[in-house]
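Here the sequence shown is numbered in our numbering, starting from 529 and rising by one per residue. We treat Cβ as the ideally placed atom computed from N, Cα and C, and that holds for glycine.
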Amino acid sequence: MYPLAQIIEKHQILGHFYADDTQLWVPFKLNDDSLTTALGRMEACIKEVRAWLLRNKLKPNDDKTQFLILESPKCQQHFNHAKLIVGSSHISSSLKARNLGVVFDSGLTFHDHISKIVSVGFYHLRCIASIKKYLPHESLAALVHAFVTSRIDFCNSILYGLPSIEITRLQKLQNQAARVLTNSTRRDHITAILRELHWLPVHQRIRYKMLTLAYRAVQNTIPAYLALPSRSNIRHTRSSTASTLERRNAKKRSAGDRTFSVAAPCLWNALPVAVRVIHDLHKFHQSIKSILFREAFGL
529 MYPLAQIIEK HQILGHFYAD DTQLWVPFKL NDDSLTTALG RMEACIKEVR
579 AWLLRNKLKP NDDKTQFLIL ESPKCQQHFN HAKLIVGSSH ISSSLKARNL
629 GVVFDSGLTF HDHISKIVSV GFYHLRCIAS IKKYLPHESL AALVHAFVTS
679 RIDFCNSILY GLPSIEITRL QKLQNQAARV LTNSTRRDHI TAILRELHWL
729 PVHQRIRYKM LTLAYRAVQN TIPAYLALPS RSNIRHTRSS TASTLERRNA
779 KKRSAGDRTF SVAAPCLWNA LPVAVRVIHD LHKFHQSIKS ILFREAFGL
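See below:
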């Protein structure tokens with residue numbers, strides 16, 4: 529993919545490469561002139577990329593191309609007219625697009641993504657509940673984790689900072705999964721059931737994933753575009769030996785506070801020093817799960 533990377537870099541476009549997929553994106557300001565310039569750069573880049581693919585006997589799927597403008601809800605009507613020319617196809621901007629199993633919408637609310645998780649999750653729970661009397665507990669637990677809780681945890685760090693009404697929808701799915709696994713009824717208090725299973729609630733599971741990514745950033749085992757700068761500490765105190773990440777201020781409070789570069793340092797720096805200096809990932813996971821577990825259940 530190195531030749532493609534050179535083409536994209538030449539047009540000042542950002543991108544990611546996968547086995548059979550290429551993603552391109554470019555930032556622009558909220559005005560028509562900036563949008564026109566951004567679309568022109570993108571079309572020129574795509575034209576050259578298509579030419580390279582055809583020269584190397586690779587077929588670009590013009591009609592499968594998806595074009596998404598990420599914007600605030602207040603500006604969604606402003607860019608509805610935008611179109612992107614890809615080969616012989618004129619691609620209109622979509623309201624949502626699937627990206628590595630995650631449904632991105634133009635406002636980054638992830639409402640459709642959560643709806644998909646909840647719909648598929650409850651479907652599998654109904655199927656599992658219909659056969660659970662024939663299954664040993666270990667097999668039942670494996671099915672619940674494979675078809676339900678794994679979907680709740682998949683890429684859940686992008687859900688950090690969403691309104692509680694969205695997280696509650698996922699929490700209801702997790703609650704039902706716990707009831708199916710423990711053969712409990714709706715009258716049984718769910719807090720006791722989750723504590724017995726030693727399951728973190730959805731809100732804490734999201735923070736768990738964010739802290740894991742922050743740990744990997746501190747240990748330099750994460751892609752460069754997710755790297756987090758450490759804060760220099762001139763004073764030689766006990767805390768100076770612990771990894772402290774530099775906190776950044778978000779330009780837009782509603783969406784900016786949700787970004788990894790802003791949220792991760794806040795969560796990481798709030799951890800006890802004894803946890804931040806752990807160098808073993810397994811021990812780190814045990815420590816933060818204990819902290820989040822006590823927080824969730826008031827222990």
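Exercise. Of the residues THR713, VAL730, GLN551, which one's Cα is nearest the Cα of GLU823?
Worked result: VAL730
Problem set entry | Rounded C-alpha distance that separates ALA533 from SER622 | 25 Å
Problem set entry | Assigned exposure category for TRP796 - 16 Cβ within 10 Å defines buried | Buried.
Problem set entry | From ASP591, SER617, VAL631, residue whose alpha carbon lies closest to that of SER598 | In the sequence as displayed, the identity of residue 598 is Leu instead of Ser. Of ASP591, SER617, VAL631, the residue nearest in Cα terms is VAL631.
Problem set entry | Rounded separation between SER667 and VAL614 - CA only | 49 Å
Exercise. When the Cα atoms are used, what is the spatial distance from HIS673 to VAL708?
Worked result: 12 Å
For this session: Would you list the one or two residues that DSSP bridges to ASN832?
Result: There is simply no residue 832 to check, as the chain begins at 529 and stops at 827 in what is shown.
Exercise. How long is the line joining the alpha carbons of ASN777 and SER815, rounded to whole angstroms?
Worked result: 28 Å
Exercise. In this structure, does DSSP put HIS539 in helix, strand or coil?
Worked result: Three-state DSSP puts HIS539 in coil, outside helix and strand.
For this session: Can you tell me which of the three DSSP states LYS592 falls into?
Result: helix
Problem set entry | Limits of the unbroken alpha helix (DSSP H) element including VAL730 | 730 to 746
For this session: Tell me the start and end of each unbroken alpha helix (DSSP H) in the region 790 to 817 that is at least 4 residues and wholly inside, in chain order.
Result: 801 to 804
Exercise. ALA610 and LEU563 look like a contact to me (Cβ under 8 Å); what is the Cβ gap, rounded to whole Å?
Worked result: With a Cβ gap of about 6 Å, ALA610 and LEU563 count as contacting.
Exercise. Looking at the unbroken beta strand (DSSP E) that takes in VAL614, where does it start and where does it end?
Worked result: 611 to 614
Exercise. So what does SER620 bridge to, in DSSP terms?
Worked result: LYS611
Exercise. Leaving out five residues before and five after TRP580 in sequence, what residues of the same chain have Cβ atoms less than 8 Å from its Cβ?
Worked result: PRO531, LEU532, ILE535
For this session: Just mark HIS539 as buried or exposed, buried being the case when its beta carbon has 16 or more other beta carbons within 10 Å.
Result: Here HIS539 is buried. Its C-beta has 16 or more other C-beta atoms within 10 Å.
Problem set entry | C-alpha gap between LYS817 and LEU542, whole angstroms | Distance between the alpha carbons of LYS817 and LEU542 is about 36 Å.
Exercise. Around the C-beta of LEU586, are 16 or more other C-beta atoms found within 10 angstroms, so that it is buried, or is it exposed?
Worked result: exposed
Exercise. Which same chain residues, not among the five before or five after LEU663, have their C-beta less than 8 Å away from its C-beta?
Worked result: LEU671
Problem set entry | Alpha-carbon to alpha-carbon, SER600 and GLY635 | Their backbone Cα atoms lie some 5 Å apart in a straight line.
For this session: Leaving out five residues on either side along the sequence, give the residues of the same chain with a beta carbon under 7 Å from the beta carbon of SER616.
Result: Excluding residues within five positions, the ones whose Cβ falls inside 7 Å are ASP590.
For this session: Give the secondary structure of SER841 by DSSP, where H, G and I count as helix, E and B as strand, and everything else as coil.
Result: One cannot answer for residue 841 here, as it falls past the ends of the chain, which runs 529 to 827.
For this session: Since I believe ASP681 is in contact with ARG714 (beta carbons under 8 Å), could you give me their beta-carbon distance rounded to a whole number of angstroms?
Result: Not quite, the Cβ-Cβ distance comes to about 24 Å (not below 8 Å), so this is no contact.
Problem set entry | Backbone CA spacing between ASN584 and ILE659 [nearest angstrom] | 51 Å
For this session: Might you give, ordered along the chain, the residues of its own chain that have their beta carbon closer than 7 Å to the beta carbon of ASP640, omitting 5 neighbours on each side?
Result: LYS624, VAL631, ASP633
Problem set entry | For TRP553, the residue or residues it bridges with in DSSP | LEU542
Problem set entry | Collapsed DSSP secondary structure at LEU709 in the structure displayed | helix
Problem set entry | Boundaries of the alpha helix (DSSP H) in which ILE656 is found, first to last residue | Its alpha helix (DSSP H) spans residues 639 to 659.
Exercise. Going by Cα to Cα distance, which pick from ASP561, SER643, HIS807 is closest to ILE693?
Worked result: Of the candidates ASP561, SER643, HIS807, the residue whose Cα lies closest to the Cα of ILE693 is SER643.
Exercise. If you follow the alpha helix (DSSP H) that SER678 is part of, which residue opens it and which one closes it?
Worked result: Where SER678 is concerned, the enclosing alpha helix (DSSP H) stretches over 678 to 681.
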